[in-house]
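Student: Mind looking over this structure? Questions follow.
Numbering (the working numbering), first residue to last: 3 to 137.
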């Protein structure tokens, strides 16, 4: 069964995109709507719906491209910071079922508030450490 995926269409050349980087396994392109000068989507070329389905080497290459494009946005565009945003799964508000990272270059006084307003939760920290530890 073939999955309909707009990012896979871009990778395969079936859909147009402003591609800023491409290798055998990672592609980076401008989204349809830019929320910052240099806003870029970085994704594996292989269809992978969530971060849990990615191989560690795929994530490493994706992170390396994100780092390099972040540096390029500083050098070429004058960005002074960046946000890397990712969501996996419907409950995390993932909008496209293909793993990707949003790179938002940041500029002094740009007025963007990309950090979500979070409310603290009351949990047993010791239980969390036990459950999450042991990797």
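Every residue, glycine too, gets a C-beta built ideally from N, C-alpha and C.
Would you be able to state if there are at least three C-beta pairs under 8 Å between the stretch 74 to 85 and the stretch 48 to 56?
Tutor: no
Student: Kindly indicate the opening and closing residues of the beta strand (DSSP E) around residue 123.
Tutor: The sequence position of residue 123 within the chain shown is 121, counting from 1. Counting along the chain, residue 123 falls outside any beta strand (DSSP E), and DSSP gives it neither H nor E.
Student: Would residue 63 and residue 84 be called neighbours here (beta carbons separated by less than 7 Å)?
Tutor: Translated into the one-based positions of the chain shown, residue 63 becomes position 61. Translated into the one-based positions of the chain shown, residue 84 becomes position 82. Not in contact: residue 63 and residue 84 (Cβ atoms no closer than 7 Å).
Student: In whole angstroms, what is the alpha-carbon distance linking residue 129 and residue 35?
Tutor: Looking up residue 129 in the chain shown gives position 127. Looking up residue 35 in the chain shown gives position 33. Near 42 Å, if we compare the C-alpha coordinates of residue 35 and residue 129.
Student: State the start and end residues of the unbroken alpha helix (DSSP H) segment that holds residue 84.
Tutor: By one-based count along the chain shown, residue 84 stands at place 82. Looking at the DSSP string, residue 84 is not in any alpha helix (DSSP H); the run it does join, the beta strand (DSSP E), is 83 to 87.
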